[in-house]
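Enquirer: Once you've had a glance at the structure underneath, I'll fire off some questions.
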Ligand code: AMP
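Pasting the structure below:
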């Protein structure tokens, strides 16, 4: 199957050629013809599957057909949960629409609204937006959704996680009833299904890939280590492996800052990216990471949503996420667009329950081992979440036999494994 077989017009094929995509990804094969036929879509797809092109390309084609009047009014709205994803989606939309007469822009919070208002005044066909800023500018009369033909909810599950449901409902009220709706979500909770039921008309269901198929392309490993030695271990791994382009996840913003500082002290260039950073600091950190000026980006889950870094070779979980689906999102940052990647997790005894939940979701056990000299002094603790809380209060007393616990793990021999691309 080629992009030409999907019935795309020449200017789009040319733009796709410029991106050096040879064949459509599975989700593109399925979604592009359905969207061109005018169907609503309910798609299960996570970042890394080519979902953005899957909705943007057919949407641009339809808008180009009906765009003879040349009137610039918002005909398509793409809602995303985060600023980074919004910026990334706009970049993609603009690269696919560069040979057609379609104008697009992005609006999100955390930055001065004036340049965004000025761009809207010029007239745009496609608007990419985060919910808060969209509502804000709508209220101020800077935009109208009265002529909308397309509405895309990207990463809908994350939007609900971030508490945007009420905003989404209000935004829908601003639109005409008759429009084509496309909903993309990595997971399908009851809430997402309810939202989809209210929003979509006879949707076609599109599944990008079976759940968790990322796991097949990604080499996953668990390194058992005591919590207090994680920074030391991560520093050693990065140094000895001479790793570049490492994305590290921490659970808290404070933890991200602290780790980035410690890595810098160890002469590993690092930057932190999280919700407390200004938009310009986040953009700068990402640009420096992409250009290779900074080797390590330390991120929290929310900030990392929508980061698109082609061929990111290493993802490290400094701490496991407490929501198992977040693990799948995190490791989806590597092994993108068919390349292989390495995802490793530093797991202390208190995180055993998180690991168990993740393995249950994946339906597999992740290879687990220790690095010589970093053998944990405690074995995995079931009921660890409770213990972690106790530990935080300083009242837990975990005493385990070091030797017997270490026998449970095999030792990692590969100190500096490189992913094969
Ligand atoms: P997405 O899932 O939309 O975040 O896309 C993930 C990455 O795959 C992006 O870097 C895209 O540029 C890239 N991509 C999208 N479609 C294709 C394709 N058909 N072939 C190769 N790469 C693609």
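In the numbering used here, the protein residues as written are 4 to 424. Virtual Cβ for every residue (Gly too), placed ideally from N, Cα, C.
Determine, using beta carbons only, whether residue 98 and residue 21 come nearer to each other than 9 Å.
Expert: Taking 9 Å as the Cβ cut-off, residue 98 and residue 21 qualify as a contacting pair.
Enquirer: Is it buried or exposed, residue 147, if we count other Cβ atoms within 10 angstroms and call 16 or more buried?
Expert: With fewer than 16 other Cβ atoms within 10 Å, it is exposed.
Enquirer: Where does residue 233 land, buried or exposed, given buried means 16+ other C-beta within 10 angstroms?
Expert: Residue 233 is buried by the Cβ-count criterion.
Enquirer: Just confirm the distance between the C-beta atoms of residue 207 and residue 37, as a whole number of angstroms; I'd bet it's less than 8 Å.
Expert: About 5 Å; that satisfies the 8 Å criterion.
Enquirer: Do you know whose CA, among 17, 145 and 154, lies nearest residue 66's CA?
Expert: With distances taken between Cα atoms, residue 66 lies closest to 154.
Enquirer: Is the beta carbon of residue 210 less than 9 Å from the beta carbon of residue 48?
Expert: It is a contact, given that the beta carbons lie within the stated cut-off.
Enquirer: How would you label residue 205, buried or exposed, when you count the other beta carbons within 10 angstroms and need 16 or more for buried?
Expert: Exposed, because fewer than 16 other Cβ atoms sit within 10 Å of the Cβ of residue 205.
Enquirer: Decide yes or no for the touch test of the segment 164-171 against the segment 128-135: beta carbon pairs closer than 8 Å, at least 3 of them.
Expert: Touching, yes, given that three or more Cβ pairs across the two stretches are closer than 8 Å.
Enquirer: In terms of DSSP beta bridges, what is residue 350 paired with?
Expert: BP columns for residue 350 point to 227.
Enquirer: Could you tell me the distance, in whole angstroms, from the CA atom of residue 194 to the CA atom of residue 163?
Expert: When rounded, the distance between both Cα atoms is 8 Å.
Enquirer: Give me the Cα-Cα distance between residue 142 and residue 112, rounded to the nearest whole angstrom.
Expert: Near 14 Å, if we compare the C-alpha coordinates of residue 112 and residue 142.
Enquirer: Give a yes or no on contact between the segment 10-28 and the segment 99-107, applying the rule of three or more CB pairs nearer than 8 Å.
Expert: Because the criterion of three Cβ pairs below 8 Å is met, the segment 10-28 and the segment 99-107 touch.
Enquirer: Is residue 52 a contact residue of the ligand AMP, with contact defined as CB to any heavy atom under 8 Å?
Expert: Indeed, a heavy atom of the ligand AMP lies less than 8 Å from the Cβ.
Enquirer: For residue 317, write down the residues that DSSP places opposite it in a beta bridge.
Expert: 249 and 345, per the DSSP bridge assignment.
Enquirer: Hey, quick one: how far does the beta strand (DSSP E) through residue 132 stretch, first residue to last?
Expert: Looking at the DSSP string, the run of the beta strand (DSSP E) that includes residue 132 is 129-132.
Enquirer: For the beta strand (DSSP E) containing residue 366, name the first residue and the last one.
Expert: Careful: residue 366 lies outside any beta strand (DSSP E) and carries neither H nor E.
Enquirer: Closest to residue 34 by CA distance: which of 330, 45, 24 and 26 is it?
Expert: Checked all of 330, 45, 24 and 26; the closest Cα to residue 34 is 45.
Enquirer: Can you tell me whether residue 23 is helix, strand or coil according to DSSP?
Expert: In the structure shown, residue 23 sits in coil (DSSP, three-state: anything other than H, G, I, E or B).
Enquirer: Note down the Cα distance separating residue 217 from residue 356, rounded to an integer number of angstroms.
Expert: In this prediction, residue 217 has a pLDDT of 48, which is less than 50 and means its spatial position is unreliable; what the coordinates show is noted afterwards. In a straight line, the C-alpha of residue 217 is about 22 Å away from that of residue 356.
Enquirer: How would you label residue 316, buried or exposed, when you count the other beta carbons within 10 angstroms and need 16 or more for buried?
Expert: Label assigned to residue 316: buried.
Enquirer: Closer than 8 Å: is that where the CB of residue 56 sits relative to any heavy atom of the ligand AMP?
Expert: Residue 56 Cβ: within cutoff of the ligand AMP.
Enquirer: With distance defined between alpha-carbon atoms, name the residue in 88, 275 and 243 nearest to residue 250.
Expert: Residue 250 has its Cα closest to that of 275, out of 88, 275 and 243.
Enquirer: Helix or strand or just coil, what does DSSP make of residue 372?
Expert: Correct three-state label for residue 372: strand.
Enquirer: Note down, one range per segment and in chain order, each beta strand (DSSP E) of at least 3 residues found wholly within the segment 71-146.
Expert: Whole beta strand (DSSP E) segments, 3+ residues: 79-82, 107-110 and 129-132.
Enquirer: Counting only the same chain and skipping the five closest in sequence on each side, list residues whose C-beta sits under 6 Å from that of residue 191.
Expert: There are no such residues.
Enquirer: Going along the chain, which residues of its own chain have a beta-carbon closer than 6 Å to the beta-carbon of residue 303, five neighbours each way excluded?
Expert: The answer, listed in chain order, is 256, 259 and 277.
Enquirer: Less than 6 Å between C-beta atoms, sequence neighbours within five positions excluded: which residues of the same chain meet that for residue 32?
Expert: Within the same chain, residue 32 has close Cβ partners 4.
Enquirer: Do you know how far the Cα of residue 15 is from the Cα of residue 60?
Expert: Rounded to whole angstroms, residue 60 to residue 15 spans 7 Å at the Cα level.
Enquirer: Reducing DSSP to helix, strand and coil, say where residue 162 ends up.
Expert: Residue 162: helix per DSSP, three-state reduction.
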